[in-house]
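According to mature numbering (1 follows the signal peptide of the UniProt record, and there is no 0), the residues represented by the sequence shown are -35 to -1, 1 to 294, in order. For reference, the structure discussed in these notes is given below.
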Amino acid sequence: MAARSGRRRAIRGWLGKACTVIAAAVLVSSVGAAAAPAAPIHAPVLRAPAGGYEELWVPSSMGPIKIQVQWAARGGGAALYVLDGLRAPNDHSQWTSDTDALRQFANDNVTLVFPVGGRSSFYTDWYRSSSTNRQPITYKWETFLTRELPDFLAGYGVSRTNKAIVGASMGGNAALVLAAHHRDQFRFAGSFSGFVNPTFPMWNQAMRAAMWDEGQFNVDDMWGPAGDPAWSRNDATAQAERLRGLPMYVSSGNGMPGPPDLPYGAVNTVNAMALEAMTMTAAQIFRDRVAALGIGARIEIGNGTHTWPYWRQGLANARPMILDALGAH
């Protein structure tokens, strides 16, 4: 869960059964060279420098949604969707500013797609607009990511079916859930420090506190009260059977800080430690569930906290699996 606020800050968030809000965010200045939007063509071409991106606006039921795109190095149709965290900025993806994701895939034959915005959305279709912050639109992120965005990118030669999807924190569970319900579209799914078991007791209240802290959003308008079927539908662990046969990478830290945490300061590191202890529990629950079902997945739990340097490394670890699944070397 991350957002913009001047220079680099570490994650703020929530913890505990009391659902006390712990502040959360990691921030660095924006990087990348964005070109002006271009009209769709029939095949992708490299429009931005290697390691850079182009910005496009995609029509949707929520209004125009910005995406940042690094085109496949050799004009291939494969795509990787990369999802942000809870505090997703409305002007850029933090993957393009806080990690080297662009550089990692600069020479690969896969188009990287970074949706912009969607803070506190969990990248899902909400029942209705949030009633506690006068939200003018109803979030429909599943519709956007699985219908409107693929249709738009098809005009640029990007495949609707040869895609991978990954995400950090809020985006981690969403990546697995979207792949579970749209197996015809995604050939790989990955989660980095994702809360992949939101139906775990009391976690709905933790989400309520976090979403209120980030924009005064109402979780009941998203999936209804605890026990509503939408909670189970949007729980990667509950939907594990639908992921059978899909290459997956799930990573989490154990809350123990390391050298990547040094720039963030003691207070922020403590908050990030607490958040990552929660994602570790979720990753362990998911690991046990898929093991019981006999479903293959690469699941790694090591030292680390809820911060971008660890998610950058998670993406680097997943990269060979992504390229293999997409045939995009």
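The C-beta atom is built at its ideal place from N, Cα and C for all residues, glycine as well. A quick note: this is a predicted structure, and the numbers were derived from the prediction, not measured.
DSSP beta-bridge partners of residue i
i: Met213; result: Ala154
i: Ala133; result: Phe157
i: Trp60; result: DSSP output for Trp60 lists no bridge partner at all.
i: Gly80; result: One detail in the question is off: residue 80 reads as Pro in this sequence, not Gly. Answer by DSSP bridge pairing, in chain order: Ile32.
i: Leu21; result: Ile32
i: Ile264; result: Val215
i: Tyr46; result: Val78 and Ile130
i: Asp90; result: Lys105
Own chain residues within Cβ distance below 7 Å of residue i, not counting five before or after
i: Asp200; result: Asn162, Pro163 and Thr164
i: Pro276; result: Reading the sequence as shown, one finds Trp at residue 276 and not Pro. Excluding sequence neighbours, Trp276 sits near Thr64, Ala133, Phe157 and Ser158.
i: Met172; result: Pro163 and Val184
Beta-carbon proximity of residue i to residue j, cut-off 8 Å
i: Asn183; j: Ser96; result: yes
i: Thr61; j: Ser158; result: no
i: Val123; j: Ala44; result: yes
i: Glu113; j: Ser58; result: no
i: Asn268; j: Asn219; result: yes
i: Met167; j: Leu51; result: no
i: Leu280; j: Gln69; result: yes
i: Asp73; j: Ala293; result: yes
i: Leu143; j: Ala205; result: no
i: Gln150; j: Asn98; result: no
i: Ala139; j: Arg207; result: no
i: Lys128; j: Arg152; result: yes
Residue environment, residue i, which counts as buried when at least 16 other CB atoms sit within 10 Å
i: Arg39; result: exposed
i: Pro29; result: exposed
i: Asp116; result: exposed
i: Pro274; result: buried
i: Gly41; result: buried
i: Asp178; result: buried
i: Pro285; result: exposed
i: Ile102; result: exposed
i: Gly155; result: buried
Own chain, CB closer than 6 Å to residue i, minus 5 neighbours either side, in chain order
i: Ala247; result: Phe160, Val161 and Asn162
i: Tyr46; result: Val78 and Ile130
i: His271; result: Ile(-25), Ser158, Ala237, Leu240 and Glu241
i: Asn55; result: Gly82
i: Ala195; result: Trp188 and Gly189
i: Arg254; result: Thr202 and Ala205
Any non-hydrogen atom of the ligand MN closer than 7 Å to residue i Cβ
i: Gly28; result: What this structure holds is no ligand at all, so the ligand MN is not there to describe.
Other residues of its chain near residue i: CB distance less than 8 Å, five sequence neighbours each side excluded
i: Asp289; result: Pro212
Should the stretch 77 to 90 be called in touch with the stretch 101 to 111, which here means at least 3 C-beta pairs below 8 Å? yes
Do the stretch 83 to 93 and the stretch 172 to 188 touch if we need at least three Cβ pairs shorter than 8 Å? yes
Take every Cβ of the stretch 258 to 269, pair it with every Cβ of the stretch 201 to 216, and state whether three or more of those distances are shorter than 8 Å. yes
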